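If you're matching positions, the sequence shown starts at 2 in our numbering and goes up one per residue. For every residue, glycine included, the Cβ atom is placed at its ideal position computed from N, Cα and C. Owing to the predicted nature of the structure, the values given are computational and were not obtained by experimental measurement.
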Amino acid sequence: MMVNQSSIQTLLSKEQAILIAHYYVNAEIQQLAQDTGGIVADSLEMARFGAEHPAKTLIVCGVRFMGETAKILSPDKRVLMPTLEATCSLDEGCPSDDFKTWKSHHPDRTVVVYANTSAAIKAQADWVVTSSIALEVVQHLHERGQSILWAPDQHLGRYVQHKTGADMKLWEGECIVHREFQAQSLIDLKARHPEAAILVHPESPLNVIELADVVGSTQHLLSAVQSRSEKIFIVATDQGLFYAMQAAAPDKQLILAPTTGRHATCQACGSCPWMQMNSVEKIEEVFNQPGHEIYLDEALIDRASRPLARMLSFKNNYLNRQL
Numbered sequence: 002m003m004v005n006q007s008s009i010q011t012l013l014s015k016e017q018a019i020l021i022a023h024y025y026v027n028a029e030i031q032q033l034a035q036d037t038g039g040i041v042a043d044s045l046e047m048a049r050f051g052a053e054h055p056a057k058t059l060i061v062c063g064v065r066f067m068g069e070t071a072k073i074l075s076p077d078k079r080v081l082m083p084t085l086e087a088t089c090s091l092d093e094g095c096p097s098d099d100f101k102t103w104k105s106h107h108p109d110r111t112v113v114v115y116a117n118t119s120a121a122i123k124a125q126a127d128w129v130v131t132s133s134i135a136l137e138v139v140q141h142l143h144e145r146g147q148s149i150l151w152a153p154d155q156h157l158g159r160y161v162q163h164k165t166g167a168d169m170k171l172w173e174g175e176c177i178v179h180r181e182f183q184a185q186s187l188i189d190l191k192a193r194h195p196e197a198a199i200l201v202h203p204e205s206p207l208n209v210i211e212l213a214d215v216v217g218s219t220q221h222l223l224s225a226v227q228s229r230s231e232k233i234f235i236v237a238t239d240q241g242l243f244y245a246m247q248a249a250a251p252d253k254q255l256i257l258a259p260t261t262g263r264h265a266t267c268q269a270c271g272s273c274p275w276m277q278m279n280s281v282e283k284i285e286e287v288f289n290q291p292g293h294e295i296y297l298d299e300a301l302i303d304r305a306s307r308p309l310a311r312m313l314s315f316k317n318n319y320l321n322r323q324l
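Dropping the structure here:
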């Protein structure tokens, strides 16, 4: 079914709505969001943009925890998603009841959870962090003698632990996209492209991270492609980011880091299957079909908003100290 962009623009205006898309959704949605006055960003910036924008309705194109985070930060706004079935292996791999039990076994630890979690997990945390601020938050806590209970991404947690030396107990979750990047295959690919810079998202295994020239969040990797002098980049993250990278640096060559190798196969193969459940056709459906709205209990929103607010305050203070 063909969807006319102008008809979506008309619907957005009529409903006082704005499109908010993640870097990992398909290029058609990213372009549509930009063309209609919305944004393409990482999960935190998506939620912040939605909270600050005057639109009464936020259409969040990504996975469910992103819609929930937008609702937490914009409780008075209507939050719709092209599909509520788009989940995340990190979210799915950290059930609220199991996490509550695990937390009860470590009552003296400060609970730090990654943004890629449900509202129910965030509500049990002391801090919520994104990949762009995780190192700084944990370093801050470590310097104050606090031990950490970390969930759910074990690879990001192990990287943070390695960099900070913090006492951390790690939940054993992982992203099905980033876990598949292969160190030996990356070494082999680098040998064929010795002039290339290697960019790695920290949800990747530590032996892959150790090969990187740049480690960072989606926004950090995007900035690296723009600012670095290399002309070729081997990129270990979801290839949905390539659209924004190519638009920002059209003269650069991008190569997806290997997700297969000796005796290895891939399931996600560099692309999140849940992100790909979003489509322009489903965006049009959110206005006239039920089953697209994010609902959260007010008490849950209140509890989940506190660790998010703590992170945002820390981030603002941290950035001010850097100026």
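Under DSSP, L257 takes part in a beta bridge, and its partners are V236.
Here A120 really is in contact with A305; their C-beta atoms are around 5 Å apart, less than 8 Å. For M47, the enclosing alpha helix (DSSP H) covers residues 44–53. Judged by beta-carbon spacing, T58 lies within the 8 Å limit of A18, meaning their Cβ atoms are closer than that value. Per DSSP, the continuous beta strand (DSSP E) segment holding A18 begins and ends at 18–23. Per DSSP, reduced to three states, the secondary structure at L59 is strand.
Taking one beta carbon from each stretch, the region 224–234 and the region 4–15 have fewer than 3 pairs nearer than 8 Å; the two do not touch. With respect to the C-alpha of C176, the residue from P108, I30, T88 having the closest C-alpha is T88. The beta carbon of G271 sits closer than 7 Å to those of V178, D239, Q240, L257, T260, all from its chain and outside the five residues before and after it, given in chain order. Cβ-Cβ distances below 6 Å link P206 to H156 in the same chain, with the five nearest sequence neighbours on each side left out; the list follows chain order. Assigned with DSSP and collapsed to three states, Y115 falls in strand. Per DSSP, reduced to three states, the secondary structure at L74 is helical. For the options L74, D252, M169, A56, the alpha carbon positioned closest to that of L313 is the one of L74. Residue pairing for I199: DSSP places it in a beta bridge opposite I235.
The region 276–286 makes no contact with the region 197–217, as fewer than three CB pairs between them are under 8 Å.
By the criterion of at least three beta-carbon pairs nearer than 8 Å, the region 162–174 is in contact with the region 136–147. Annotated three-state conformation of I295 is coil, per DSSP. Boundaries of the alpha helix (DSSP H) around M246: 242–249.
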